[in-house]
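K.L.:
In the working numbering, the protein residues as written are -15 to 175.
1. CA-CA distance, residue 70 and residue 134?
2. For residue 41, which of 48, 148 and 84 has the nearest alpha-carbon?
3. Residue 119: which of 170, 43 and 92 sits nearest, CA to CA?
4. Between the segment 135 to 155 and the segment 79 to 97, do three or more beta carbon pairs fall short of 8 Å?
5. Is residue 256 helix, strand or coil by DSSP?
6. Suppose the cutoff is 8 Å on Cβ atoms and the five residues either side in sequence are ignored; what does the same chain contact list for residue 82 look like?
7. Given the structure, does residue 70 come close to the ligand FAD, in the sense that its CB is under 8 Å from one of the ligand's heavy atoms?
8. If you compare alpha carbons, which of 164, 79, 44 and 130 is closest to residue 56?
9. Please list the segments of the alpha helix (DSSP H) lying wholly inside the segment 64 to 95, counting only runs of 4 or more residues, in order along the chain.
10. Given residue 150, which residues of its chain have a CB within under 6 Å of its CB, disregarding the five upstream and five downstream residues?
11. For residue 173, which residues from the same chain have a beta carbon less than 6 Å from its beta carbon, with the 5 sequence-adjacent residues on both sides left out?
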């Protein structure tokens, strides 16, 4: 009895009509949504492009990449994350994807040669600024800055931004370049 009264109340409110209309709309749209998802999936497979921040990688669909290449890419990513210097200078995910891109193109080339070829890719200016700010506050004698009446935070901020900017603009970075860039930044920031 309670159920019949409740159903009459719902019917009188017109909720069943609204619910029926809602189900009809879903039933009509569901096949087209499924078709659109299939088309998107097919389009992304045929483009063979993966995006990471500002870099575009030309890769085949994931199911066409050899498992050994993916394992090697994961190893490159982990090595980058563990290395304080590397992790402080580059986006490790981007670097690993660059490695995979080259590995797929050059399957018989050694890992070292590929890493050498991609060494100057995926630098992250924000990470470098944080890294060099930390280096500055750890390395530079804060007492020296205070004696010169310089704010250590300002000096280290200047130093970090200067180094990161110069490294970002270099096409080929090596330890000699890094030494020059760091010394130039020290002088430029008044140390």
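Built from N, CA and C at the ideal position, the CB exists for glycine as well. Source: prediction; values computed, not measured.
P.N.:
So, from the listed chains and residues:
1. Numbered from its first residue, the chain shown carries residue 70 at position 86. Numbered from its first residue, the chain shown carries residue 134 at position 150. Cα-Cα distance, rounded: 30 Å.
2. Locating residue 41 in the chain shown gives position 57, counting from the first residue. Ranked by Cα distance from residue 41, the first of 48, 148 and 84 is 84.
3. If you number the chain shown from 1, residue 119 lands on position 135. Nearest neighbour of residue 119 by Cα position, chosen from 170, 43 and 92, turns out to be 170.
4. Counting Cβ pairs under 8 Å, fewer than three are found: no touch.
5. A question about residue 256 goes unanswered here, because the residues of the chain that appear run from -15 up to 175.
6. The residue labelled residue 82 in the question sits at position 98 within the chain shown. Answer for residue 82: 39, 41, 102, 105 and 106, listed in chain order.
7. Absent from the structure shown: the ligand FAD. Ligands present: none.
8. Position 72 of the chain shown, counted from the start, is the residue given in the question as residue 56. Among 164, 79, 44 and 130, the Cα nearest to that of residue 56 is on 79.
9. For the segment 64 to 95, whole alpha helix (DSSP H) runs of length 4 or above, ordered along the chain, are 68 to 71 and 76 to 89.
10. Along the chain shown, read from residue 1 onward, the residue named residue 150 stands at position 166. Excluding positions up to five away in sequence, the list reads 165.
11. One-based indexing of the chain shown puts residue 173 at position 189. Shown here for residue 173: same chain residues with a beta carbon closer than 6 Å to its own, the five before and five after excluded, namely 139, 142 and 143 in chain order.
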